[in-house]
Amino acid sequence: MKKIFFYLFFYLFFSNKVFACNFHFQDFGSRSENLRINHVTLKNFDPVGGFKIMVPIESFCNEKQLAGTMVTLFYIDNELVQIKLERFNQQGRSLMDLGIRHYGNFKRSLGFDYNNWRGTHTWQTISEIANYKASVNKDIVREDLQITSKRYLSKISEHHLKKERWNKF
3 MKKIFFYLFF
13 YLFFSNKVFA
23 CNFHFQDFGS
33 RSENLRINHV
43 TLKNFDPVGG
53 FKIMVPIESF
63 CNEKQLAGTM
73 VTLFYIDNEL
83 VQIKLERFNQ
93 QGRSLMDLGI
103 RHYGNFKRSL
113 GFDYNNWRGT
123 HTWQTISEIA
133 NYKASVNKDI
143 VREDLQITSK
153 RYLSKISEHH
163 LKKERWNKF
């Protein structure tokens with residue numbers, strides 16, 4: 003009986019294309035110093051206490067379906083508040099698959115097949131809001147999955163207000 007459960011678990015775990023890649027690379031609220039990355043990163047600081055670390059997804063997982071995805075970790079006061087995954091001009095809807103596997107399926111308009119679907123969807127859990135967007139602009143296909151901690155929503159709003167005021171000067 004144990005063998006059957008082992009084989010069933012093994013099959014379910016490894017047959018799932020994207021499941022092996024957890025996009026929670028770091029816990030919300032974690033400090034950037036705790037992030038361990040083997041790839042070169044790009045850091046973008048803003049003048050009001052926020053910064054973003056951009057790194058290829060291959061730093062965290064080696065799923066072929068997600069190759070070419072860029073991960074942006076957004077920190078305010080050196081606390082992780084948001085994770086964003088972006089793909090440009092890639093085949094399929096790998097970020098949609100990742101969102102569906104983690105948060106659940108959703109209805110899409112019937113006018114497009116799965117790989118050509120365009121639009122947005124928002125999932126909510128007790129602790130997170132996940133926004134998915136698939137779009138085409140001037141022949142550039144873009145797919146985004148943004149995960150935000152509900153705990154830090156007010157902090158993100160305050161940060162954007164500070165940044166907007168700073169930009170007016």
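Those letters in the sequence shown? Residues 3 to 171, per this note's numbering, in order. Note that CB positions come from ideal geometry on N, CA and C, so glycine has one too. All of these numbers come straight from a predicted model, not from anything done at the bench.
Alpha-carbon spacing of residue i relative to residue j, whole angstroms
i: P49; j: I158; result: 14 Å
i: K45; j: W168; result: 20 Å
i: L75; j: P58; result: 11 Å
i: K109; j: Y116; result: 11 Å
i: L100; j: F30; result: 19 Å
i: K170; j: F53; result: 19 Å
i: N139; j: S156; result: 31 Å
i: K164; j: I39; result: 30 Å
i: N18; j: S111; result: Reliability fails at N18, whose pLDDT of 36 lies under 50, so the model's placement of it is uncertain and no value is given.
i: K152; j: E160; result: 14 Å
i: Y77; j: Y154; result: 10 Å
i: S32; j: Q126; result: 21 Å
i: I85; j: E166; result: 21 Å
i: H123; j: H104; result: 14 Å
i: G94; j: Y134; result: 14 Å
i: F16; j: E81; result: For F16, the predicted structure reports a pLDDT of 36, less than 50, and the residue's modelled location is therefore unreliable. The matter cannot be settled from this model.
i: H162; j: F62; result: 28 Å
i: I102; j: N118; result: 16 Å
i: V83; j: Q28; result: 10 Å
Distance CB(residue i)-CB(residue j) smaller than 8 Å
i: A136; j: G121; result: yes
i: L87; j: L37; result: no
i: E145; j: R89; result: yes
i: M72; j: M56; result: yes
i: E65; j: H41; result: no
For residue j and residue i, believed in contact at Cβ under 8 Å, the rounded distance
i: D79; j: G106; result: Going by Cβ atoms, the distance from D79 to G106 rounds to 32 Å, so no, they are not a contact pair.
i: I142; j: N91; result: 6 Å
i: S96; j: L68; result: 5 Å
Where the alpha helix (DSSP H) containing residue i begins and where it ends
i: E160; result: 155-170
First and last residue of the uninterrupted beta strand (DSSP E) at residue i
i: R144; result: 142-151
i: F47; result: 44-47
i: I55; result: 52-58
i: I39; result: Segment: none, I39 is in no beta strand (DSSP E) and carries neither H nor E.
i: T74; result: 72-78
Pick out the complete beta strand (DSSP E) segments inside the segment 84-130, 3 residues or longer, and give them in chain order. Runs found: 121-126.
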